[in-house]
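J.: Structure provided below as C-alpha cells; questions to follow.
Protein chains: 2
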Amino acid sequence: MEIAPETLDERVSRFVEGLKGAGVKLTPQRLEIFREVAKSADHPDVETVFRGVRKRLPSVSLDTVYRTLWSLIDLGLLSTVGHSRERVRFDANMGSHHHFVCEACGVMWDFQSDEFDRVRVPDVVRKLGSAQKTQVEIRGICTRCSGETTSRRCASRRKEDRWKRRS
Amino acid sequence: MEIAPETLDERVSRFVEGLKGAGVKLTPQRLEIFREVAKSADHPDVETVFRGVRKRLPSVSLDTVYRTLWSLIDLGLLSTVGHSRERVRFDANMGSHHHFVCEACGVMWDFQSDEFDRVRVPDVVRKLGSAQKTQVEIRGICTRCSGETTSRRCASRRKEDRWKRRS
DNA sequence: GTCAATGCAAACTCTTTGCAATCTG
DNA sequence: CAGATTGCAAAGAGTTTGCATTGAC
C-alpha cells in the first residue's frame, strides 16, 4: 500500500516548494496531511487521512483536515479522484459507454468509442486483479460554456454555486 | 438535454419488464423516478430527480426518491456515474495516470498506459467541447479479494461495511 | 509582532430510518 | 386481502463555519 520512499520524498519537496511559491505557511498539520495522502498508493478518504495524521499529531482536528485538503487542491498540490465534490449522479444507460464532463457547468454526456473499447487491459492491471468494466472519462469545457465567456455565463456560474454550497 | 423518445420508450419497457421479472411492484413513483433519470442525456443527481418527479407527482417525498434510486440500482436497472456511494478520495499523483478500482474492497491503484494515452479524443467528443484530461477507470476484483473467497474475506467485507453505513 | 492557521463546538446539509397509512398484484 | 411501498417526521452522518487562541514567518 505504501509508495517508494524516494517518490514520497520527491512529492514532499514539491509540496514544500509549492507552498513557498504560493506564499502559504508550512504548518506541521499541512505537512502531515499531505504526507498521509502522498505516502499511500491507494487513495485515502478524509476519515483515513484523519486517522493516519492523528497517530503523529494527536491534537489535529477533523475540520483542519477538511480545510487543508481542499486548500491543497485549490493550490494544485493534490487532486481528488473521480468526481471531486460533485454529488452522486444516476445513469439509465446500461450499455457500455464513456463520459464527457464539463468542468464549468458539470454537464455530462455519454459517448461511445470503438477505439477506446479496442484497447485491451494493460498487463500491469492484469497483475492487480480481474477487470470487469473499463470506462473513460474525458473532462474539459463544453461548447456552451466556452462560448459564454463574454456576457452571461450562466452555465459557468452554476459550478461556482455548487462549490459555494460546500466551501 | 432530452433523449430520443424511442430510446426512452425502450428504456421504460425494459424497466417495467425488469421489475416484473424481479417480482417487484410497479408504483407510479417508481415509474416517474425511473423516467426522470432515463429521459435526460445528462445524468441527474438526487435533487434534480426529485424536482422533476414532483412536477408530475407533487406528493412524492424525497426519501422515496432516495430509496427508489438505490433499489433500482440493486436491481441493475440504473447505475451511478463515477464512484457511486463511495466517499471523495485524494490523490497526490499529479502526473497523468489511470485507476484500477476493486469493487469488493474499494482499493484503488494507479497505472499508466501508453496505449490508452495514444487514443485520440473521438470526433463526437470534439463536438461537445474541448477536452482537457482523459482518465480511464478499470473496475474489477483485485487478486487479494478474489483469493479470499474461502476463509477470511476481510477485504471483501470492508465494502459491505461501507455500504451498510449508508443503506 | 502580525496575520494566517488551528481547534473547538455548534450549525448545516444531505441522507437514512421507524412507523402508521396506503396501494399494488 | 396480504404484504410491499409510501409519506412524514425525526434521527444520523458527514461536512462546514464562527471565533478565540496559537503559531509560522
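Chains as they are written, first to last, in my numbering: chain A, 1 to 167; chain B, 1001 to 1167.
All C-beta atoms, glycine included, are put in the ideal place defined by N, C-alpha and C.
These figures come from a predicted structure and were not determined experimentally.
So with Cβ pairs under 8 Å, would you call histidine 218/A a contact of chain B?
T.: The question about residue 218/A has no answer here: the residues shown for chain A are numbered 1 through 167.
J.: Taking a contact to mean a Cβ-Cβ separation below 8 Å, would you say phenylalanine 116/A touches histidine 97/A in this structure?
T.: Here residue 116/A refers to the residue found at position 116 of the first sequence. Here residue 97/A refers to the residue found at position 97 of the first sequence. Contact flag unset, no.
J.: Assign cysteine 1102/B to one of three DSSP states: helix, strand, or coil.
T.: Numbered from 1 along the second sequence, position 102 holds the residue referred to as residue 1102/B. Looking at cysteine 1102/B - three-state DSSP - the assignment turns out to be strand.
J.: Return yes when the Cβ of serine 1079/B is within less than 8 Å of the Cβ of methionine 94/A, no when it is not.
T.: Locating residue 94/A in the first sequence gives position 94, where the first residue counts as 1. Locating residue 1079/B in the second sequence gives position 79, where the first residue counts as 1. Contact flag set, yes.
J.: Three-state secondary structure (DSSP) at lysine 1025/B?
T.: Within the second sequence, numbered from 1, the residue matching residue 1025/B stands at position 25. Looking at lysine 1025/B - three-state DSSP - the assignment turns out to be coil, as it is neither helix nor strand.
J.: Straight-line CA distance for glutamate 2/A to glutamate 1017/B?
T.: If you number the first sequence from 1, residue 2/A lands on position 2. If you number the second sequence from 1, residue 1017/B lands on position 17. The alpha-carbon atoms of glutamate 2/A and glutamate 1017/B are separated by roughly 47 Å.
J.: Where does serine 1146/B sit, in a helix, a strand or coil, going by DSSP?
T.: One-based indexing of the second sequence puts residue 1146/B at position 146. The answer is helix: DSSP assigns serine 1146/B an H, G or I state.
J.: Does DSSP classify glutamate 2/A as helix, strand or coil?
T.: Within the first sequence, the letter at position 2 stands for residue 2/A. Correct three-state label for glutamate 2/A: strand.
J.: Valine 53/A touches chain B at which residues, Cβ-Cβ below 7 Å?
T.: Looking up residue 53/A in the first sequence gives position 53. The contacting residues do not exist; valine 53/A stays about 12 Å from chain B at best.
J.: What residue range does the beta strand (DSSP E) around aspartate 1110/B cover?
T.: Your numbering for residue 1110/B matches position 110 in the second sequence. Counting along the chain, the beta strand (DSSP E) containing aspartate 1110/B begins and ends at 1108-1111.
J.: Name the two residues that bound the continuous alpha helix (DSSP H) containing arginine 1118/B.
T.: In the second sequence, residue 1118/B corresponds to position 118, counting from 1. Segment 1114-1118, the alpha helix (DSSP H) holding arginine 1118/B.
J.: Can you grab the Cα-Cα spacing for the pair serine 151/A / cysteine 145/A, in whole Å?
T.: Working through the first sequence from its first residue, we reach residue 151/A at position 151. Working through the first sequence from its first residue, we reach residue 145/A at position 145. The predicted position of serine 151/A is uncertain, since its pLDDT is 39 and thus under 50; a value taken from the coordinates is nonetheless stated next. Spanning the two alpha carbons is a distance of roughly 11 Å.
J.: Compare the C-beta of proline 58/A against all C-beta atoms of chain B and say whether one is closer than 8 Å.
T.: Position 58 of the first sequence, counted from the start, is the residue given in the question as residue 58/A. No, because no Cβ of chain B sits closer than 8 Å to the Cβ of proline 58/A.
J.: In this structure, does DSSP put valine 65/A in helix, strand or coil?
T.: As a working note, residue 65/A is residue 65 in the first sequence. Three-state result, valine 65/A: helix.
J.: State the start and end residues of the unbroken beta strand (DSSP E) segment that holds aspartate 1091/B.
T.: As a position in the second sequence, residue 1091/B is number 91, starting the count at 1. Note, aspartate 1091/B: beta strand (DSSP E), 1089-1091.
J.: So which residues of chain B does aspartate 42/A contact, with C-beta pairs closer than 9 Å?
T.: Position 42 of the first sequence, counted from the first residue, corresponds to residue 42/A. Result: Arg1089, Gly1106, Val1107, Met1108, Trp1109.
J.: Across which residues does DSSP place glycine 189/A in a beta bridge pair?
T.: Summary: the structure shown does not reach residue 189/A, with chain A confined to residues 1 through 167, and so no result is reported for it.
J.: Could you check whether the Cβ of glycine 1129/B sits closer than 8 Å to any Cβ belonging to chain A?
T.: Within the second sequence, numbered from 1, the residue matching residue 1129/B stands at position 129. Judged by the 8 Å Cβ criterion, glycine 1129/B is in contact with chain A.
J.: Determine contact between the stretch 1062-1078 of chain B and the stretch 129-137 of chain A, defined as no fewer than three beta-carbon pairs at a distance below 8 Å.
T.: The stretch 1062-1078 of chain B, when compared against the stretch 129-137 of chain A, does not touch it at the 8 Å Cβ threshold.
J.: What does the Cβ neighbour count give for aspartate 1123/B, buried or exposed, with the cut at 16 atoms within 10 Å?
T.: One-based indexing of the second sequence puts residue 1123/B at position 123. Aspartate 1123/B comes out exposed.
J.: Counting only beta-carbon separations shorter than 8 Å, does glutamate 1006/B have a partner in chain A?
T.: Working through the second sequence from its first residue, we reach residue 1006/B at position 6. No, glutamate 1006/B does not count as interfacial toward chain A.
J.: Is it buried or exposed, arginine 1030/B, if we count other Cβ atoms within 10 angstroms and call 16 or more buried?
T.: By 1-based counting over the second sequence, the position of residue 1030/B is 30. With 16 or more other Cβ atoms within 10 Å, it is buried.
J.: Quick check: the Cα distance between cysteine 105/A and glycine 147/A, rounded to an integer number of angstroms?
T.: Indexing the first sequence from 1 puts residue 105/A at position 105. Indexing the first sequence from 1 puts residue 147/A at position 147. Distance between the alpha carbons of cysteine 105/A and glycine 147/A is about 12 Å.
J.: Tell me the residue span of the beta strand (DSSP E) that contains valine 1081/B.
T.: Mapped onto the second sequence, residue 1081/B falls at position 81. Element bounds for valine 1081/B: 1079-1081.
J.: Using a Cβ-Cβ cut-off of 7 Å (strictly less than) and excluding sequence neighbours within five positions of aspartate 1009/B, which residues of its own chain qualify?
T.: Position 9 of the second sequence, counting from 1, holds the residue named residue 1009/B. Excluding positions up to five away in sequence, the list is empty.
J.: For lysine 133/A, return the contacting residues in chain B, with the cut-off set at a CB-CB distance below 8 Å.
T.: For this step, residue 133/A is matched to residue 133 along the first sequence. Going along chain B in sequence order, the residues near lysine 133/A (Cβ under 8 Å) are Ile1138, Arg1139, Gly1140.
J.: Cβ closer than 7 Å: which chain A residues qualify as neighbours of serine 1013/B?
T.: In the second sequence, residue 1013/B corresponds to position 13, counting from 1. Here the premise fails: no neighbours, minimum Cβ distance about 13 Å.
J.: Starting from the Cα of lysine 168/A, find the closest Cα among Gly52/A, Leu62/A, Glu103/A, Ser71/A and give me that residue.
T.: Outside the shown range of chain A (1 to 167) lies residue 168/A, about which nothing can therefore be said.
J.: Taking its Cβ as the centre, do 16 or more other Cβ atoms sit within 10 Å of serine 1061/B, making it buried, or is it exposed?
T.: What you label residue 1061/B is simply residue 61 of the second sequence in a count that begins at 1. Serine 1061/B is exposed by the Cβ-count criterion.
J.: Return helix, strand or coil for arginine 1166/B, following the three-state DSSP convention.
T.: Indexing the second sequence from 1 puts residue 1166/B at position 166. Note that arginine 1166/B scores a pLDDT of 35, beneath 50, so its modelled location is shaky; the value from the coordinates is reported in the next line. Reduced to three states, the DSSP call for arginine 1166/B is coil.
J.: Using alpha carbons as the reference points, say which of Phe100/A, Val125/A, Phe15/A lies closest to isoleucine 141/A.
T.: Translated into positions along the first sequence, residue 141/A becomes position 141. The option with the nearest alpha carbon to isoleucine 141/A is Phe100/A.
J.: Can you give me the C-alpha to C-alpha distance between arginine 118/A and valine 53/A, rounded to a whole angstrom?
T.: Position 118 of the first sequence holds residue 118/A. Position 53 of the first sequence holds residue 53/A. When rounded, the distance between both Cα atoms is 42 Å.
J.: Are the beta-carbon atoms of leucine 69/A and valine 46/A separated by less than 8 Å?
T.: As a working note, residue 69/A is residue 69 in the first sequence. As a working note, residue 46/A is residue 46 in the first sequence. For leucine 69/A and valine 46/A, yes; Cβs fall inside 8 Å.
J.: Starting from alanine 55/A, follow the alpha helix (DSSP H) in both directions and report where the run begins and ends.
T.: Position 55 of the first sequence, counting from 1, holds the residue named residue 55/A. Note that residue 55/A corresponds to lysine in the displayed sequence, not to alanine. Element bounds for lysine 55/A: 46-56.
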